[in-house]
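As C-alpha cells, the structure follows; a few thoughts come after it.
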Amino acid sequence: MHKTAAAGRYKVETDLGGSSRAAEGAWLGLNNYKRKRGQPRTLEQYKEAGFRILKWDGLETITLTDKQGIVFGVLCGQPPDSSGKTWAETCEGVTTALRQAEADLDFNGSPIIPEMSKEKAKNAKNRRGKFKTASMGVSYGGGQKIPAEWSHTEENQRVFDTLKSNPDFTRMVNWAAMFAYYAPRLYQDYVDAFLRLQQNQPELQLPIPGSIFSAISLNLGHQVVAELHKDFKNLAYGLCHICALGNFDAELSGHLILWELDLLIEFPPGSSILITSALISHGNTELQVGEERYSVIQYTAGGLFRWVEYGCRTEAQFGKEKPEEAARVWKERPERWKEAIGLFSNVSEYPKCSK
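For the sequence shown, the numbering used here begins at 415 and goes up steadily by one.
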C-alpha cells in the first residue's frame, strides 16, 4: 500500500475521549441527531452560520485530530499511478461503471432502495437522502438471527458481480487500506473480528478482499447529496470510507459537513475520506444545477463486533449460556469507551505530520 511521506494535520477543538459518544457497550453510536427547522443547506448558508471551511485539493493527505491529538479522520489523498493508469482515469472508470450499474439494477426491494421525493424520504428507509442506494456485503442487525450476506435477485447479483470484477472499482475500494496506516490498532481489531466471524461462518466473505470493511453501499442517482445523519448502526468507534465521484465544483458544492464540529471540507471528485461516521453527524452541501455526484461508502456494522465478542451469539444467548461471564462483561461496559479510544492513533505517532 502506498502511504504519503508527509501528511498535513487539521486540529479540531473537540475531545473524542472526554466522554462516551456511543450507546452502552460502545458497539453502536447514538441516534441523537435531529434536523431543526431553518438549518443551513447551501454553502452560503453554512458560511453565514459560522462554519469553517477546510480547503482541500483531494491530493494531499490530511489527518483530522482532536485537541489531544487523536486521529479520528483522514483525508486520504490519492495513490500513485498504477499499471500506466492515472487515479483520475481509474475514478472515471468507476463513475462509468456506477452509471451502468444504476441502469441495470432493479430498484424494487431492500437492500436496493429507489430514489424518492424529499417528502417521502423523511420517513423512508433511506433516511440519508432521496438518492438511490444499493448495498452488498455482510451485515448483522435489523432482525437478523445471524450475520449474513445481503441477498439479491439473480439479476441484481450479476450486476454486483460485474462491478466487483471491475479493476477500476476494486482499485478504488482498496484505497481504503489507508485505514491500516493511520489507525493500525483499530484496523487490526477489524481483521481479528472478521477472522473470528469466519471461523464460525466460513461462507461469509468480504465484498472486496483487499478491503477490511464488510459492507459497501453505492449511492446512485446522478445528484447524490446526503442529508445530515449519523450512521449509528456502524461500529461506534470505527471508521467509514467515503469516496466521492462524478463531475462537480468542490469549491462551490458537495462539501462534507461535520455538523458538531462546525466544519465543511471541500471534497473533490475522485477523493476519499475516512471518518467516524457513527459519532459525527455528516452530510453534503447542495450541488449546482447540472452537476453530477455519486459516492461509494465502506463500513462495518457494530452488531457484527458485538456478536463476535459474545462468542458468535446474541446478547440474550450470551447472558443465558454464560451468565457469570456476561455479568462481568456488562459490569465493565462503562469502561469500554476508554478502551476503544485507545485503538485510535495519536498524531504524535506520525512525526512527519505537520504540527
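Just so you know, even glycine gets a beta-carbon here, dropped at the ideal spot from N, CA and C.
- prompt: In chain order, what residues of the same chain have a beta carbon less than 8 Å from the beta carbon of residue 537, not counting five sequence neighbours either side?
  reply: Within the sequence shown, numbered from 1, the residue matching residue 537 stands at position 123. Low per-residue confidence applies at residue 537: pLDDT is 41, beneath 50, and the placement is therefore not dependable, though the value from the model is reported in the following sentence. No residues qualify anywhere along the chain.
- request: Determine the direct distance from the alpha carbon of residue 695 to that of residue 624, and round the result to whole angstroms.
  value: Looking up residue 624 in the sequence shown gives position 210. Looking up residue 695 in the sequence shown gives position 281. CA-to-CA, the gap between residue 624 and residue 695 works out to about 28 Å.
- request: To the nearest angstrom, report how far apart residue 687 and residue 698 are at their CA atoms.
  value: Here residue 687 corresponds to residue number 273 of the sequence shown, with the count starting at 1. Here residue 698 corresponds to residue number 284 of the sequence shown, with the count starting at 1. Those two C-alpha atoms are separated by around 13 Å.
query: What whole-angstrom Cβ distance do residue 477 and residue 761 have, given they're in contact under 8 Å?
result: What you label residue 477 is simply residue 63 of the sequence shown in a count that begins at 1. What you label residue 761 is simply residue 347 of the sequence shown in a count that begins at 1. Confirmed, about 6 Å.
message: If contact is defined by three or more beta carbon pairs under 8 Å, each pair taking one atom from either stretch, is the segment 718 to 732 in contact with the segment 633 to 644?
response: no
- request: Work out the CA separation of residue 616 and residue 662 for me, nearest whole Å.
  value: Position 248 of the sequence shown, counting from 1, holds the residue named residue 662. Position 202 of the sequence shown, counting from 1, holds the residue named residue 616. Roughly 42 Å between the two C-alpha positions.
task: Throw me the rounded Cβ distance for the residue 751 and residue 434 pair, which I believe falls under 8 Å.
output: Within the sequence shown, the letter at position 337 stands for residue 751. Within the sequence shown, the letter at position 20 stands for residue 434. Their Cβ separation, rounded to whole angstroms, is 4 Å, which keeps residue 751 and residue 434 in contact under 8 Å.
- prompt: Any idea which residues DSSP pairs residue 658 with across the strands?
  reply: In the sequence shown, the residue the question calls residue 658 occupies position 244. Its beta-bridge partners are 709.
message: Quick check: residue 596 and residue 710, are their CB atoms within less than 8 Å of each other?
response: Stepping through the sequence shown from its first residue, residue 596 is reached at position 182. Stepping through the sequence shown from its first residue, residue 710 is reached at position 296. Not a contact, by the Cβ cut-off of 8 Å.
Residue 499 to residue 704 span [Cα, whole Å]: As a working mapping, residue 499 is identified with position 85 in the sequence shown. As a working mapping, residue 704 is identified with position 290 in the sequence shown. So the alpha carbons of these two residues sit roughly 28 Å apart.
- request: With a threshold of 16 other CB atoms inside 10 Å of the CB of residue 461, please say whether the residue is buried or exposed.
  value: Position 47 of the sequence shown, counted from the first residue, corresponds to residue 461. With fewer than 16 Cβ atoms within 10 Å of its Cβ, residue 461 is classed as exposed.
Per-residue burial, residue 680 [other beta carbons within 10 Å of its own, 16 or more giving buried]: Within the sequence shown, numbered from 1, the residue matching residue 680 stands at position 266. So residue 680 counts as buried.
message: Which of the three DSSP states is assigned to residue 507 in this structure?
response: Taking the sequence shown and counting its residues from 1, one reaches residue 507 at position 93. Reduced to three states, the DSSP call for residue 507 is helix.
Alpha helix (DSSP H) segment containing residue 698, residue limits: Sequence index remark: in the sequence shown, residue 698 carries index 284 (1-based). Segment 696 to 698 is the beta strand (DSSP E) holding residue 698; no alpha helix (DSSP H) there.
task: Decide yes or no for the touch test of the segment 505 to 519 against the segment 557 to 575: beta carbon pairs closer than 8 Å, at least 3 of them.
output: yes
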